[in-house]
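Asker:
Protein chains in written order, with this note's numbering: chain A, 151 to 329; chain B, 491 to 637.
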């Protein structure tokens, strides 16, 4: 009996692991930053290099931190939805313009609309590494106390917003849209 | 005449081959290294164990992705400031998680990962020994000459 059951049981366990592994998305790497304070940074602002924008803008209210670039196709896909959120959600969006060209980034915002309260200009990708960024677009939800609540990798869609963001925003600022 | 032609052909072929290979050298060529050979070899060993998260089956030493170049630069800067290997690994894991390492650390969540090969080999060996023993026993019982 044993000699038949044992191999079958072992096979079933292994097959279970493999089935799980095959159904995971390898492009999604969970962020170790969730539940930790948002990384500190200080960068020149995209619109005015003389001005600086830093992590002190986060952690005052529930906010989004969106990593974008003009070379990123997914960023273009999500841009219209970001414009919509900026108007309707009551959650300010801060941008991190990642390894981009300032002139292209400014003309992108001029033509497609600017959902950002402000964007930081990370020309060499130094701050992006502190945030564990590896593929734009990435969107972080930062709570009122400055902790990273959630990270979404890939273009933001109404479904993801509904499922992942709205409940967390409600929990953090008490209502949706945020007052 | 024909030998001269053959030689010229060979020379052209050699040049073409060399030229096509030289781009491999350029891939990660222009980045500055460390003057100190010990530091340089430590750096080279380290970047061969860090996964590029953009092209996940490559190390950041192999990858030409911009993120890989940024990570190499960060690691060089950290090491130039005197960071130890453990400190650099900590820096990367704090930001990208254990997945960034090609050799994941041994901890409760990875016991199955590290233990499974040893366990499966042990089971295989056990089965092998038992099968061989029972066959030996059988062949002795049958009084067949062993070969």
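The C-beta atom is built at its ideal place from N, Cα and C for all residues, glycine as well.
Taking the alpha-carbon of residue 160/A as reference, which of 624/B, 523/B, 607/B and 534/B has the nearest alpha-carbon?
Answerer: Counting from 1 along the first chain, the entry for residue 160/A is found at position 10. Comparing Cα positions, the closest option is 607/B.
Asker: List, in chain order, every chain A residue whose beta-carbon is nearer than 7 Å to that of residue 564/B.
Answerer: Taking the second chain and counting its residues from 1, the one referred to as residue 564/B is at position 74. Within 7 Å Cβ-Cβ: 279.
Asker: Would residue 212/A and residue 328/A be called neighbours here (beta carbons separated by less than 9 Å)?
Answerer: Residue 212/A sits at position 62 when you count from the first residue of the first chain. Residue 328/A sits at position 178 when you count from the first residue of the first chain. Yes, the pair counts as a contact, with Cβ atoms nearer than the cut-off.
Asker: How many angstroms separate the CA atom of residue 316/A from the CA atom of residue 246/A?
Answerer: Position 166 of the first chain, counted from the first residue, corresponds to residue 316/A. Position 96 of the first chain, counted from the first residue, corresponds to residue 246/A. C-alpha separation (whole angstroms): 22 Å.
Asker: Tell me whether residue 663/B sits in a helix, a strand or coil according to DSSP, three-state version.
Answerer: The structure shown does not extend to residue 663/B, since chain B is modelled only from 491 through 637, so no value can be given for it.
Asker: Can you tell me whether residue 600/B is helix, strand or coil according to DSSP?
Answerer: On the second chain, residue 600/B is found 110 positions in, with the first residue counted as 1. It is helical.
Asker: Report the residues of the region 259 to 290 of chain A with a CB closer than 9 Å to any CB of chain B, ordered along the chain.
Answerer: Listed by position along the chain: 274, 275, 276, 278, 279, 280, 281, 282, 283, 284 and 285.
Asker: Identify which residue in 313/A, 242/A, 310/A and 253/A has its Cα closest to the Cα of residue 292/A.
Answerer: For this step, residue 292/A is matched to residue 142 along the first chain. The residue with the shortest Cα to Cα distance from residue 292/A is 242/A.
Asker: By the DSSP assignment, the beta strand (DSSP E) with residue 244/A in it spans what residues?
Answerer: Numbered from 1 along the first chain, position 94 holds the residue referred to as residue 244/A. Its beta strand (DSSP E) spans residues 243 to 248.
Asker: In whole angstroms, what is the alpha-carbon distance linking residue 564/B and residue 276/A?
Answerer: Locating residue 564/B in the second chain gives position 74, where the first residue counts as 1. Locating residue 276/A in the first chain gives position 126, where the first residue counts as 1. C-alpha separation (whole angstroms): 8 Å.
Asker: Taking residue 226/A as the reference, give the member of 167/A, 208/A, 255/A and 200/A with the closest Cα.
Answerer: Position 76 of the first chain, counted from the first residue, corresponds to residue 226/A. Of the listed residues, the one whose Cα sits closest to residue 226/A is 255/A.
Asker: Near residue 184/A, what residues of its chain come up, given a Cβ to Cβ distance below 8 Å and the 5 sequence neighbours on each side ignored?
Answerer: Taking the first chain and counting its residues from 1, the one referred to as residue 184/A is at position 34. Around residue 184/A: 298, 299, 300 and 301.
Asker: With which residues is residue 204/A paired in a DSSP beta bridge?
Answerer: Taking the first chain and counting its residues from 1, one reaches residue 204/A at position 54. According to DSSP, residue 204/A bridges with 192/A.
Asker: Taking 7 Å as the limit between beta carbons, can you name the residues of its chain near residue 322/A, skipping five residues before and five after?
Answerer: Your numbering for residue 322/A matches position 172 in the first chain. The answer, listed in chain order, is 212, 293, 294 and 299.
Asker: Between 230/A, 171/A, 165/A and 182/A, which has its C-alpha nearest residue 583/B's C-alpha?
Answerer: Stepping through the second chain from its first residue, residue 583/B is reached at position 93. For the residues 230/A, 171/A, 165/A and 182/A, the minimum Cα distance to residue 583/B belongs to 182/A.
Asker: Does the Cβ of residue 282/A have 16 or more other Cβ atoms within 10 Å, making it buried, or fewer, making it exposed?
Answerer: Residue numbering aside, residue 282/A sits at position 132 when the first chain is read from its first letter. Counting Cβ neighbours within 10 Å, residue 282/A comes out buried, since at least 16 surround it.
Asker: Using a Cβ distance threshold of 8 Å, determine whether the region 265 to 279 of chain A contacts the region 186 to 205 of chain A, with at least three qualifying pairs required.
Answerer: At 8 Å Cβ cutoff, the stretches touch.
Asker: For the candidate residues 610/B, 622/B and 625/B, whose alpha-carbon lies nearest to that of residue 156/A?
Answerer: Your numbering for residue 156/A matches position 6 in the first chain. It is 610/B whose Cα lies nearest to the Cα of residue 156/A.
Asker: Quick test of the definition: if touching needs 3 or more C-beta pairs under 8 Å, does the region 588 to 605 of chain B touch the region 538 to 558 of chain B?
Answerer: The region 588 to 605 of chain B, when compared against the region 538 to 558 of chain B, does touch it at the 8 Å Cβ threshold.
Asker: Please say whether residue 224/A and residue 286/A have beta carbons closer to each other than 9 Å?
Answerer: If you number the first chain from 1, residue 286/A lands on position 136. If you number the first chain from 1, residue 224/A lands on position 74. Against a cut-off of 9 Å, the Cβ pair of residue 224/A and residue 286/A comes out as a contact.
Asker: Would you please verify whether the beta carbon of residue 516/B is less than 9 Å from any beta carbon of chain A?
Answerer: On the second chain, position 26 is the one that residue 516/B refers to. With a pLDDT of only 46 at residue 516/B, under the threshold of 50, the placement of this residue in the model should not be trusted; the figure read from the coordinates follows. False, the Cβ-Cβ gap to chain A never drops below 9 Å.
Asker: Just verifying my parser: in three-state terms, what is the DSSP assignment at residue 517/B?
Answerer: Taking the second chain and counting its residues from 1, the one referred to as residue 517/B is at position 27. Below a pLDDT of 50, predicted positions are generally treated as unreliable, and residue 517/B, at 47, falls in that range; the measurement from the model is reported next regardless. Looking at residue 517/B - three-state DSSP - the assignment turns out to be coil, as it is neither helix nor strand.
Asker: Using a Cβ-based criterion (distance less than 8 Å to any ligand heavy atom), does residue 164/A qualify as near the ligand SAH?
Answerer: In the structure shown, the ligand SAH is absent, as is every other ligand, since no ligand is present at all.
Asker: Could you work out which residue in 202/A, 232/A and 199/A is closest to residue 215/A when comparing CA atoms only?
Answerer: In the first chain, counting from the first residue as 1, residue 215/A sits at position 65. Taking only the C-alpha atoms, the option nearest residue 215/A is 232/A.
Asker: Any beta-carbon of chain B closer than 9 Å to the one on residue 179/A?
Answerer: Residue mapping note: residue 179/A aligns to position 29 of the first chain, counting from 1. By this cut-off, residue 179/A is an interface position.
Asker: To the nearest whole angstrom, what separates the beta carbons of residue 562/B and residue 550/B, a pair I think is in contact under 8 Å?
Answerer: Here residue 562/B is taken as the residue at index 72 of the second chain, counted from 1. Here residue 550/B is taken as the residue at index 60 of the second chain, counted from 1. At roughly 6 Å, the Cβ-Cβ gap stays under 8 Å, so residue 562/B and residue 550/B are in contact.
Asker: Taking 9 Å as the threshold (beta carbon to beta carbon), is residue 557/B in contact with chain A?
Answerer: Sequence index remark: in the second chain, residue 557/B carries index 67 (1-based). It does: the Cβ of residue 557/B has a partner Cβ on chain A nearer than 9 Å.
Asker: In angstroms, rounded to a whole number, what distance separates the CA positions of residue 514/B and residue 575/B?
Answerer: Indexing the second chain from 1 puts residue 514/B at position 24. Indexing the second chain from 1 puts residue 575/B at position 85. Note that residue 514/B has pLDDT 48, beneath the 50 cutoff, so the model's placement of it is unreliable and the number below is only indicative. Going by the C-alpha atoms only, they are around 28 Å apart.
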